[in-house]
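Some notes on the structure that comes next.
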Amino acid sequence: MIRKTDYGYCAEGKKAYLHIQFFSDSIVRFAYTKNNILPESTPAVIGQSKNIEALVDGNYIKTQNLKIKIDSEDLKVSVFDSEDNLLSRDLSVDIDNIKVEKELLWEKGFYGLGEKYGWINKKGTQTENYNSDVLGAHPLHNPTIKEYHTSIPFYIGLDKDKAYGIYFDNSYRTYFDFGKEKDKVVQFSADGGHIDYYFIYDKKVSEIVKGYSEITGTMPLPRKEFLGFQQCRWSYMNREELMEIAKRMRKENIPCDVLYLDIDYMENYKVFTVDSEKFNEFKEMVKELKEMGFKIVVIIDPGVKKEKGYYVYEEGLKNDYYIKDSDGLVYVGEVWPGAAVFPDFLRSEVRKWWGELHKGLLEDGVEGIWNDMNEPSDFSTESKVVPEDIVHVDDEGRERKHAEIHNMYGMLEAIATYEGLRELQPNKRPFVLTRGTFAGTQRYAAHWTGDNTSLWEHMESSMPMFMNLGLSGYTFIGSDVGGFAEDSNGELLARWTQLGAFTPLFRNHSMKGTINQEPWCFGEEVLDNTRKYIKLRYKFITYLYNLMRESSKEGHPVMRPLFYHYQGDERTYNINDQFLFGENIMICPIVRPGMDARMVYLPEGDWYDYWTGEKIEGGRYIIKEAAIDTLPIFIKAGAIIPQDEVVEYIGQKENTKLDLHYYVGDNGEYTLYFDDGRTFDYEKGIYSEIKLNVEENDGKITVKSEVLKDEYKIPELVLHIHGIEEFKSIDVDNGNTPVEKGDVISIDICKPEFKVVIEK
Ligand code: GLC
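The sequence shown runs contiguously to residue 760 in full-length UniProt numbering.
Printed below as a string of structure tokens:
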């Protein structure tokens, strides 16, 4: 019944075919069709199937790690691990209604699904994926609203000793139910397309995320400068206002790398134009800001103003680049410029055109592009997005309904932008920020979680949202710090900045008509507090950049739920209000007004209070005092954490020295990565990597280093050792020196110099 094919295997049931492809011994694709043809994947999928020799035995097909049983009539599958433990079992596969029901077996939690409001664990809940202009469609986000700006049809089932991921490769509106409608049943379905999904298995949840990124790709290594603090506002209305913000940042000694221009920089909201009255001598202004260390990012929405004589509109019209209604007429919706038409980004020719349109902005010195309203948003409809019966045409000339393309529209625009920037500036890493995303968009753009509100609840709910986005392959993420809609206030801004300092994208942004919320808007105390945390962010740039590098290689997120590293500890499965920033730093924001203490869960092992250096035993809840200027941060014993010198903007000074902090208690291992932070030269091997090992045993410290690659300059490294009661000696790459507290020892283990400081 199961036969080998050129792409993998195929099982023929009573009414349908099940196509099976292996992507590894633990990753398998199940695609159901009524005909005998393997369905097309969405653009999310870039993984290549492997020619894995599976063993077919009657109704079973086996790889090294999986055993799959296929029901010969209705093609239901059951999946077992190599020791015959049941991992997943279908209850029904409904090809007509594109719906799968699986038994809810052992899963203690369900996670993923990108940007969703609500608690991190989705067990017992339902959700849907349909890209939406949330604030346009609803006055306020809350957990009853299922549609957000992103659609990532991927979820993870979790237990202590096992986990799996299911990526449902379907771009139509999709539905997920984790035991809400029917007890013990997990369901997923779609409004169109095929049942086509990937089952990813491993004992460890981190390997599931890695496996998912093998299918949908990872984030490219970003420009280091975009890890700095970013300031935005709808809008800085003219040159004077923008320059004022820039000067004030420097005057107040607030590190800042990026300033944004929202829609008002354009002439009547016409994309690829600049209003030369409000922003006279635009190029010169951008240059002046650059000299002060600021990178300018401008917004580009997909809606093109319908205006006779406007070059973008006319070019697209002439070349038939816009989406059409069912009568074959160019579809006219409504966005900021009023009547607007929408490019058909499904076609490569249109994407290429759009990419090239950025030439002028780049020549003016613009350094990044912000793609917004790309769900795509449309004020003229009740749903506030482009209607489903609108027609796209693909590269083969086939007509495709918007219902199928809708969730991918934002991603297709991001592809056009990313590839356009790369084409125009081949050796500069593009910075693209997008609101609408689909699975795989991490390959092209950073994402912010759209229009939140200046509410404590929205700050709190951003954390589970970030963690689930991270588990869904999205690393370069952040939310509008201080809140977008409604007026912010000093306390909220101070606390939100503390959290924002530990999100990969760190951007303060607010809505037109609300009060300003730059760091200085709420008095001296708030200014001091926000400055303190923006500066703290700059201390962690190397650490964050190293995490981004790891993510770009293996897909691991920067913001991780506790169970990412403590899967054996069930208490971590429902922790929403603290997260790991990489493996070894625990961030525990205060998310309620007036609070000056909070509960913190420290998993097993020893932890250090970052501020006091106090060593605390984990495996329990503790209460941590946290006055308004304190963000509780804990470092895991054994960690090696780089800390940078604080600068006004990244690249202001050459990094000649880097401090590393080792927290005694466990053997430390850390790999440091250095490159130019801006170009693609690292792809040609122009980077350095050093692996460090530090061990402490009865007061004796052993430091080992291994230079794995040495093609980019390595700064002087200074290792600070924290948390030892009594020192005896230090052993560096086999040389032995007796030491005491307060000693500074120079040791020659890597270029140009390496020092160890024994902290008092
Ligand atoms: C949307 C964006 C917001 C932006 C505004 C005006 O609401 O989400 O960030 O400021 O449009 O462009």
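Where is the CB? At the ideal position from N, CA and C, for every residue including glycine. Being a predicted model, the structure only gives us computed values, none of them experimental.
Beta carbon of residue i: closer than 7 angstroms to some heavy atom of the ligand GLC?
i           : result
residue 822 : This structure cannot settle anything about residue 822, because the visible part of the chain is limited to 1 through 760.
M373        : yes
R560        : no
I145        : no
G450        : yes
R398        : no
W520        : no
W496        : no
R507        : no
L135        : yes
W353        : no
D378        : no
I263        : yes
F484        : yes
W456        : no
R3          : no
I296        : no
I299        : yes
What whole-angstrom Cβ distance do residue i and residue j have, given they're in contact under 8 angstroms?
i           : j    : result
H141        : N452 : 7 angstroms
H447        : I477 : 5 angstroms
A637        : D666 : 5 angstroms
residue 771 : K116 : Here the chain comprises residues numbered 1 to 760, so residue 771 is not present and cannot be evaluated.
T656        : P715 : 5 angstroms
R620        : L602 : 7 angstroms
G473        : Q425 : Their Cβ separation, rounded to whole angstroms, is 26 angstroms, which puts G473 and Q425 out of contact at 8 angstroms.
V205        : I166 : Not really, about 13 angstroms apart at Cβ, beyond 8 angstroms.
I215        : Y197 : Contact flag wrong, Cβ pair sits at about 10 angstroms.
H722        : Y663 : 5 angstroms
G482        : L492 : 7 angstroms
K305        : P337 : 4 angstroms
Y409        : Y444 : So it is not a contact: roughly 13 angstroms between Cβ atoms.
V703        : K539 : So it is not a contact: roughly 22 angstroms between Cβ atoms.
N131        : G436 : 5 angstroms
Using alpha carbons as the reference points, say which of the options lies closest to residue i.
i    : options                : result
D325 : E388, E617, L289, R531 : E388
K290 : Q652, D644, E525       : Q652
I650 : R537, H722, I622       : R537
F685 : I701, L469, L672, Y712 : Checking the displayed sequence, the identity of residue 685 turns out to be Gly instead of Phe. Among I701, L469, L672, Y712, the Cα nearest to that of G685 is on Y712.
M465 : S151, K384, I120, R351 : I120
V366 : G450, T437, Y260, S462 : Y260
V332 : H358, V481, I390       : I390
V707 : F674, D659, W607, F188 : F674
N253 : E648, K709, E683, H720 : E648
Y311 : E349, I263, W353, M411 : W353
M463 : E423, I587, Y533, E570 : I587
Below 6 angstroms CB to CB, which residues in the same chain sit around residue i once its five sequence neighbours on both sides are set aside?
i    : result
E550 : H556
G568 : K160
K278 : N238
L547 : V558, G582
E12  : none
K751 : For K751, the predicted model reports a pLDDT of 38, less than 50, meaning its position is unreliable; a value from the coordinates is still stated below. Correct list, in chain order: I714.
N427 : T679, F680
S41  : D169
Using a Cβ-Cβ cut-off of 8 angstroms (strictly less than) and excluding sequence neighbours within five positions of residue i, which residues of its own chain qualify?
i    : result
N734 : Because N734 carries a pLDDT of 49, less than 50, the predicted location of this residue cannot be relied on, and no value is offered for it.
Let's see if you can read the secondary structure: which residues bound the beta strand (DSSP E) around residue i?
i    : result
R89  : 86-94
N693 : 688-697
H447 : 446-448
H720 : 716-722
S705 : 700-710
A339 : 338-341
Return the first residue and the last residue of the alpha helix (DSSP H) that residue i is part of.
i    : result
D528 : 524-539
E277 : It is not in any alpha helix (DSSP H) - E277 carries neither H nor E in the DSSP assignment.
G157 : Note, G157: premise wrong, no alpha helix (DSSP H); beta strand (DSSP E) at 154-158.
N468 : 456-471
G355 : 348-356
M292 : Unbroken run through M292: none, as it is neither H nor E.
Beta-carbon within less than 7 angstroms of residue i's beta-carbon, same chain only, minus the 5 sequence neighbours each way: which residues are those?
i    : result
H565 : L580, E583
P302 : F342, P343, M373, N374, P376, E413
R592 : W456
F22  : G8, V28, S49, K50, I52, A54, T63
D202 : S26, A163, I208, G211
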